[in-house]
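Working notes, structure below.
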Amino acid sequence: MPGIRALIVDDSSVMRKVVERSLRQTGLDIGEVYNASNGVEALAVVNQNTVDLVLTDINMPVMDGLEFVRQLQTLETPKHIPVVMITTEGGEKQVLEALSLGARGYIRKPFTPEQVREQVMPLLGRTG
Amino acid sequence: MSAAMSKLNESTLNLGPWQASLCEAAKEVFSIMLGAELADPQEVPPIAAPAVTAMVGLAGPVSGVLSLRCSTAVCTEIAARMLGLTGADAEAHRSDAVGETCNMVAGAFKAKLPELQDNCMLSVPTVITGDDYAVHSLAVGKRTEVPLAFQDHVIWLAVEISS
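Here is the structure:
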């Protein structure tokens, strides 16, 4: 089985590195990791590559994470890629909105690799 | 005045709870993301130049600024711990790292106060570095700040809310 191909979306290059580091510390078999700094770039990555998992921030310029999730669901060729939001915005309204738009999980910053693992594993059908 | 601000003013005549929430938020972020413990400082020396101030705006019916001030040496250490880097690699990412740390402290602080949770959004972080500067807020409001010890250094956290 190939490694999990993940897309990390955040306008901060430091935070993208932190998320990747945490993802690789989960013990999951992580393969290729793609990066995008906003929703527009992320949609381009999804259209051009096979992606198994998306981890995305909400507050980003050009296209924010919520709009990205909305547009991901309406692609001409649906991808059904599980999306987990990783963000500092953790109010109930934002969580409910993200989930209603199609996100499958929500992680508030700061986060541990264990929290990432707990959210991601059920979405990938992995049992550890 | 909005209902949110009215309730905020009633609840924050004493900024003690805010200061406690600010400390808790910072300790949580430093512990989880940096593997470092913040403590009450025994002494509070001035921050060695060049200094760094990271700021995150709070916008909405409740508005203000949360800031984190420290030395560049502390910034480099934050980047090193956050990214698992050393030396020049850590230095290259220190501004972004301290900005993201301030962003996470702001988010954690906001999450601890019901009056802020759904009443304000966070801005993109801004980071200033310099040998001799002062930050002045034009907003008239309530301010609280607290020093915390990070290893052998002191960092300052402050939050100011416009009224």
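Top to bottom, those sequences are chains A and B. Its first residue numbered 966, the first sequence is counted upward by one per residue in my numbering. Its first residue numbered 2, the second sequence is counted upward by one per residue in my numbering. We put the CB at the ideal spot given by N, CA and C, even for glycine.
Determine the extent of the beta strand (DSSP E) in which B/C71 is found, giving its start and end residues. As a working note, residue 71 of chain B is residue 70 in the second sequence. Element bounds for B/C71: G65 to S72.
Is it buried or exposed for B/D132, if we count other Cβ within 10 angstroms and need 16 for buried? Counted from its first residue, the second sequence places residue 132 of chain B at position 131. When all chains shown are included, B/D132 counts as exposed.
Residues bridged to B/T127 (per DSSP): The count along the second sequence starts at 1 and reaches residue 127 of chain B at position 126. Partner(s): B/M56.
Buried or exposed for A/G996, going by 16 or more other Cβ atoms inside 10 Å? In the first sequence, the residue the question calls residue 996 of chain A occupies position 31. With fewer than 16 other Cβ atoms within 10 Å, it is exposed.
Using a cut-off of 7 Å between C-beta atoms, extract the partners of A/M913 located in chain B. Summary: the structure shown does not reach residue 913 of chain A, with chain A confined to residues 966 through 1093, and so no result is reported for it.
Out of A/Q1084, A/L1089, A/G1090 and A/L1088, point me to the one whose CA is closest to A/S987's CA. Locating residue 987 of chain A in the first sequence gives position 22, counting from the first residue. Cα-wise, what sits closest to A/S987 is A/Q1084.
Can you look up B/S32 in the DSSP assignment and give me helix, strand or coil? Translated into positions along the second sequence, residue 32 of chain B becomes position 31. Helix at B/S32.
With which residues is B/M122 paired in a DSSP beta bridge? Numbered from its first residue, the second sequence carries residue 122 of chain B at position 121. DSSP output for B/M122 lists B/A60 as bridge partner(s).
Which of helix, strand or coil does DSSP assign to B/P18? Here residue 18 of chain B refers to the residue found at position 17 of the second sequence. Helix, per DSSP.
Short CB-CB distance (under 7 Å) between B/I33 and chain A: Counting from one through the second sequence, the residue named residue 33 of chain B turns up at place 32. Chain A, which has a Cβ nearer than 7 Å to the Cβ of B/I33, makes this yes.
Beta-carbon proximity list for B/V30, same chain, < 7 Å, skipping 5 on both sides: For this step, residue 30 of chain B is matched to residue 29 along the second sequence. These residues qualify, in order along the chain: T102, M105, V106 and A109.
Shorter than 7 Å from the beta carbon of B/M105 to some beta carbon of chain A? The residue you call residue 105 of chain B lines up with position 104 of the second sequence. Judged by the 7 Å Cβ criterion, B/M105 is in contact with chain A.
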